[in-house]
Every structure is written in structure tokens, then in C-alpha cells.
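Engineer: Read in order, the letters of the sequence shown are residues 371 to 970 in my numbering. Okay, here's the structure, questions in a sec.
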Amino acid sequence: MAGRIEDYALIGDMQTAALVCRDGTVDWLCLPRFDSHAIFAGLLGTEEHGFWRIGPAHAPDAQPPAATRRGYRGDSLILESEWDTGRGTVRVTDFMPPRDGAPQLIRIVEGVSGRVPMRSALRMRFSYGRVVPWVHRHEGRTVAVAGPDSVWFDTSAETYGQSLTTYSDFTVAPGDRIAFTLSWQPSHKEPPPLPEPEQSLEATEDFWREWVEHCTYHGPYREAVIRSLITLKALTYAPTGGIVAAPTTSLPEDIGGVRNWDYRYTWLRDAAITLSSLLRTGYREEARAWREWLLRAVAGDPENLQIMYGIAGERELGEAELDWLPGYENSAPVRVGNGAAHQLQLDVYGEVTEALHLAHMTGLARNDYASLLQVKLINYLEKHWTEPDEGIWEVRGPRRHFVHSKVMAWVAVDRTIKLIESGDVDGPLERWKQLRDDIHRDVCEKGYDKERNTFTQSYGSKELDASLLLIPQMGFLPPDDKRVIGTIEAIQRELSTSDGFILRYPTEGSDEGVDGLPGDEGAFLACSFWMADDLAMIGRVDEARRLFERLLALRNDLGLLAEEWDPVRQRQVGNFPQAFSHVPLIDTALRLTASGAYGG
């Protein structure tokens, strides 16, 4: 069985990523890209679906021992795990070097004290655990081949095959360093070059050290901010600038339920807010690359803007179910692709426009097509903002007039008006000022419940929605407006879990709710960070700080967050690690630092 979601560490090379459990097992790795088929899919099934474990030798019927301690080497994505055993101490260093050729996963075993018997067990299963590759020797190297893919396994340790698994049994003493490397290559090409693990380790450490030096945040929450920034960088697909929402698919929002989705794509919303955090902490090159990705993905067709694309800008992300995988802790179905790609979500126009506006305001070199794109987006919104949509949470129930969608339509128009006023683009200024006023009035009249003094999830509804917390953050209304304060307090009353974190919206258990799905879900971590932001904005800064620091305590021992927190099971749930959780962490840290609202 796979570990708890928070038991995993992330390593990656800005093109794909692996998850490494506390016991030294790699249970998830897609090659060569984030959205490729997994060669290790044990995370969503069993060891029969692929894994790679390196750790102290143990009895065949015993649980592999968890590392005594682990951590990233400094501000990097290099994982170091140490085991204290009865025979001594051993360290395993796991990393994926930023790619210059074949993708590689490198694991270096180092003796620290005593003499520790070790075992490497490698079971490659292509196509998400369904295909057993042909494993053979080629010029002294082990290679696994299946269809278009080949994976090369290199080590100085002796290996042997047993039960369709490649093993290596060895002992390390102080000073011993034994490296194991997996390299992917198209099966029709020549073998990849022999790896150079030690040189690659040094280069990887240099890469991360130099990248972190660009961070402009030096406040009291620097450790949490830096780890979140490194995680966001790891979720960026370097060749194109696209940003995945998470490197995993089908980690459940409701353990044992059906709320299992593929997040290995670029949501415009997630990518836009990621861009915002990167810009605000000094990372302009990533912002430029994402803007170029956006312009390529949208191309000349903003009227058919999708809410998400493939990491290279692909439009077709057809959803399918992998029925041979039982799912994480039997949470089925396991899905690949995402059928929400063609939903209408009017809020993305606002998020994209806000990101382009921020890039412009922070001095990113002007791009005439980016400015033209903003104008085209508003031309579309002008005709369609009155329509119902599926909203920020991608409901699979009927379309509604979601208040957040209308607010973000207002944001899109407002930011484009500012662009026109700056003189960088031409547009019908007075007409769009009237449009901005019309949207604002519509929301305040139809999306506000006067009796309860709160905005609601959609026009005419009684339900609340945590996305309403963004109203003051987007400048739609000032923080001291009584309607804003009323909404914040209503969400605290009606959408808080027993431990004080925030749900996205009400769910209906076994019945289908507003999202068209049965089951419940945990507290959505981004919403809880939004609450902390809002509390700071309305002057309740001590309360905001306390909530923020309780959220920081939910991170795993490596500083990573999934999508949600299950208040009943007291554990992380949802795809992992999640950009949409780490971005608001950074934003809230910046706001609290600016307000002086921190302890110590």
C-alpha cells in the first residue's frame, strides 16, 4: 500500500517529477514529461504497478523501515534520507538533475557509520502499471523496453533479476558511495550517455542555489516561502513555460470516493496566480516564459479560450479511466486527461488579465500581442459575461451565475481599462467603463443577500462559497465595506471545519450537491489562506497570523502541501504537491510581513 500523501517528498527536473516515500520507495514517476504515462504507478495501486525502493535490507514479510530523518539539502530539491539501524547509519540522496539530454533519476547510497546491508528493488511497469517491459542487458547496462519507451538502469552494484524485478543487494561502510541511475530514451534511439552521478549532483545543487538567490523576500516566513517557490519552480515545464497544477493524477479529495482528477496540465487560473507570486518575489524570467506560453496556447483564438491546456499548449485533454488501477486507498476511478478542459469558466478571463496587468506593472518588457490579447478577451466578455458558467470549482452540475465569475469578469474589464489609460493600447474606454459599472451593479444587486449581509455563491442562491473571499483582494470592494466584512464572517460561521479551516462550498455527502458529485471533501487549503488574507485586510491581523501559522503547521516535514486537509482523518488529501496551495501561502506571507503581523 502507498504511504500517506504527506509521507511523500517531491524531486524533479522542471519537466517531470517523482514522489519518494519515507521508506525510500519511488511510487510515482512519469517519463519523459509530467503528463506522460507513469513507469511507477504504485501510488495508485500496488507494487505490481511499479516502484523503486532503496533502503536497509529487511525481512521479506516485514514492512520496509521508514527513514529516521529526511530533508532537502539546503534550499534545493535534493532529498536526503537517513536510516539509523542496529548495524549503522546510511544516507540515500535522491534528485533529478535539470535536464540537458535524457531525463535522469539518480539515487546515491552513502555509508555514514557501521556496515549496513542494503537492497535496491526496481520494478518498472510502463503505461501506468499495465505493461511489463522487456528487460535485458546491453553492453553491460540494464535496459527496459516497451513500445516507444526505453529506460536504462546504471549502477556499479551487482544486479540480478527475480519475479520480474531487478534487485541489488550490497553493504555500505563509512565513505562508500554507490550510485543508481534511471535514464529515459525513445526506444528507437541510441542508448543515452553513461551517467555521471557526482557531477550531476554538484550541478543540481549549484542550479538551485543560484535560482534561490534571486528571491527578493527576506521576511520572517522566508523558509516557508522559499520552499513554496522551489515547489512552484519544480511544477514549471521548462521547455515551454507551462505550469502544471500538480504532478499527480487521482489523489483523492475524498478518500474512498470518486473526486479524483488529473492535475498534470496547465490551468490558466493556477498558472496566472503562480505567475503573480513569482513576480512578487523577484522571478521575472518565469513570468516572461509563462506569458510566451500563454500567447502560443491561445494563439489567435481567444474566443475559444480553454480553462486549461497541455503543458506545451495542447488543447485536447480527453478524459479516460484506468480500470486496472484500484486507486489510492481504493479511491476509484483513476482518471487521466480532464473533461473540464472545455467548460465555460468566465473567471479565467479575469485571472489571465490580472496576471498580464501585474507583469506590465512590474516592468516586464512590453509585448504588443499580450496587450492586444487583453483587448480581445474583453471583446469576448462584453458579449458573454451575462451567461451562466461552471465557475472556479469546475462543477459538473448545471451552469449557474456564479458571483466569483462575475467579479473576475469585472477584474478583466478593470485591468484592461487601466492598460488603455496608460496609453499602451487602444480601446473603447468610455464604453468599457460603463461595462465595468454594469457588472459591478449586477453583482451587488443579484449576488448579495441583504438579510444575511453576505454575498452568495450564485445569483439567487443561499449557499456560500469561499471564492467570495477574493472580492476585497481583487479590489471589487474595499475591505472596510460592510458587505465584505459580513461575507467574511458568514464564511467563518458556515464554511469552517471543526478545526477552523475553510471549505470551498457545502457538499451533500452521498447526495449530489451543487458540484454534481456525491461525497464530501476536506478543507480547501487555498481558501483557508484567503481567509487569513482577508482577516489581515480588515484589521484582524492577530487572528490572521494565528490562522496562517496553523496552516503552516499542516505542511509535511518537508514543507509540502496537497490540495486539501481532511479534518476527520487529520491528513492531507488531493493531488500533491499542489500549486494552488503554495501560491496563497506565499501571498499571505507577503501580506502579513507588510502589516508587521507576525510573532517573535
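Glycine included, every Cβ here is placed at the ideal spot set by N, Cα and C. Note that the coordinates shown come from a computational prediction; the quantities given were computed from them, not determined experimentally.
Output needed for residue 969: all residues of its chain with C-beta closer than 7 Å, excluding positions within five of it in sequence on either side, in chain order.
Structural biologist: Unreliable placement is indicated for residue 969, whose pLDDT of 49 sits below 50; no coordinate value is reported for it.
Engineer: Give the secondary structure of residue 496 by DSSP, where H, G and I count as helix, E and B as strand, and everything else as coil.
Structural biologist: The answer is helix: DSSP assigns residue 496 an H, G or I state.
Engineer: For residue 881, count neighbouring Cβ atoms within 10 angstroms of its own Cβ and tell me buried if that reaches 16, exposed if not.
Structural biologist: The predicted position of residue 881 is uncertain, since its pLDDT is 45 and thus under 50; a value taken from the coordinates is nonetheless stated next. With fewer than 16 Cβ atoms within 10 Å of its Cβ, residue 881 is classed as exposed.
Engineer: Should the region 647 to 659 be regarded as contacting the region 730 to 741, the criterion being three or more beta carbon pairs within less than 8 Å?
Structural biologist: Touching, yes, given that three or more Cβ pairs across the two stretches are closer than 8 Å.
Engineer: From what residue to what residue does the beta strand (DSSP E) around residue 516 run?
Structural biologist: 511 to 516 is the span of the beta strand (DSSP E), which, as asked, contains residue 516.
Engineer: If we count the other Cβ atoms within 10 Å of its Cβ and call it buried at 16 or more, is residue 524 buried or exposed?
Structural biologist: Per the 10 Å Cβ criterion, buried.
Engineer: Quick one: using the 10 Å Cβ neighbour count with 16 as the cut-off for buried, is residue 530 buried or exposed?
Structural biologist: Exposed, because fewer than 16 other Cβ atoms sit within 10 Å of the Cβ of residue 530.
Engineer: Would residue 908 and residue 651 qualify as a contact pair, given that the criterion is a beta-carbon distance under 9 Å?
Structural biologist: No, Cβ-Cβ distance for residue 908 and residue 651 is not below 9 Å.
Engineer: If the criterion is Cβ atoms closer than 9 Å, does the pair residue 386 and residue 466 meet it?
Structural biologist: Their beta carbons are under 9 Å apart, which means residue 386 touches residue 466 by this criterion.
Engineer: In whole angstroms, what is the alpha-carbon distance linking residue 919 and residue 541?
Structural biologist: Computed Cα separation, rounded: 43 Å.
Engineer: Taking the alpha-carbon positions, what's the residue 441 to residue 927 distance?
Structural biologist: So the alpha carbons of these two residues sit roughly 8 Å apart.
Engineer: Classify residue 745 as helix, strand or coil using the three-state DSSP reduction.
Structural biologist: Looking at residue 745 - three-state DSSP - the assignment turns out to be helix.
Engineer: Whole-angstrom Cβ separation of residue 452 and residue 438, contact assumed at under 8 Å?
Structural biologist: Their Cβ separation, rounded to whole angstroms, is 6 Å, which keeps residue 452 and residue 438 in contact under 8 Å.
Engineer: Could you check the C-alpha separation between residue 501 and residue 403 for me, to the nearest Å?
Structural biologist: Rounded to whole angstroms, residue 501 to residue 403 spans 18 Å at the Cα level.
Engineer: By the 10 Å Cβ neighbour count, where 16 or more other Cβ atoms means buried, how is residue 700 classified, buried or exposed?
Structural biologist: When all chains shown are included, residue 700 counts as exposed.
Engineer: Using 9 Å as the threshold, is the C-beta distance between residue 567 and residue 554 below it?
Structural biologist: Their beta carbons are not under 9 Å apart, which means residue 567 does not touch residue 554 by this criterion.
Engineer: Rounded to the nearest angstrom, what separates residue 860 and residue 943 at their Cα positions?
Structural biologist: Whole-angstrom Cα-Cα distance: 25 Å.
Engineer: When DSSP labels each residue in this structure, what does residue 866 get in the three-state scheme?
Structural biologist: Reduced to three states, the DSSP call for residue 866 is strand.
Engineer: In chain order, what are the residue ranges of uninterrupted beta strand (DSSP E) at least 3 long that sit wholly in the region 666 to 730?
Structural biologist: As far as the region 666 to 730 is concerned, it has no whole beta strand (DSSP E) run of at least 3 residues.
Engineer: In this structure, how does DSSP classify residue 774 when only helix, strand and coil are distinguished?
Structural biologist: In the structure shown, residue 774 sits in a helix (DSSP, three-state: H, G or I).
Engineer: If we call anything under 9 Å between Cβ atoms a contact, is residue 313 one with residue 844?
Structural biologist: This structure cannot speak to residue 313, because the chain is shown only from 371 to 970.
Engineer: Per the DSSP calculation, residue 478 is bridged to which residue(s)?
Structural biologist: 463 and 549.
Engineer: By the 10 Å Cβ neighbour count, where 16 or more other Cβ atoms means buried, how is residue 464 classified, buried or exposed?
Structural biologist: By the 10 Å Cβ count, residue 464 comes out buried.
Engineer: Name the DSSP beta bridge partners of residue 506, please?
Structural biologist: Answer by DSSP bridge pairing, in chain order: 513.
Engineer: Could you round the C-beta distance between residue 949 and residue 613 to whole angstroms and report it? I think they count as a contact, below 8 Å.
Structural biologist: Yes, residue 949 and residue 613 are in contact; Cβ-Cβ is about 7 Å, under 8 Å.
Engineer: What separation, rounded to the nearest whole angstrom, lies between the Cα atoms of residue 900 and residue 760?
Structural biologist: Each residue's alpha carbon lies about 21 Å from the other.
Engineer: Comparing alpha-carbon positions, which option in 476, 486 and 593 lies nearest residue 455?
Structural biologist: If we check each option's Cα against that of residue 455, 486 comes out closest.
Engineer: Would residue 874 and residue 755 qualify as a contact pair, given that the criterion is a beta-carbon distance under 9 Å?
Structural biologist: The answer is no: Cβ separation not under 9 Å.
Engineer: Tell me, please, which residues DSSP counts as bridged to residue 400.
Structural biologist: Paired residue(s): 408.
Engineer: To the nearest angstrom, how far is the alpha carbon of residue 504 from that of residue 398?
Structural biologist: Taking the straight line from one Cα to the other gives about 20 Å.
Engineer: Where do the ends of the alpha helix (DSSP H) carrying residue 954 lie?
Structural biologist: Here the alpha helix (DSSP H) through residue 954 covers 949 to 965.
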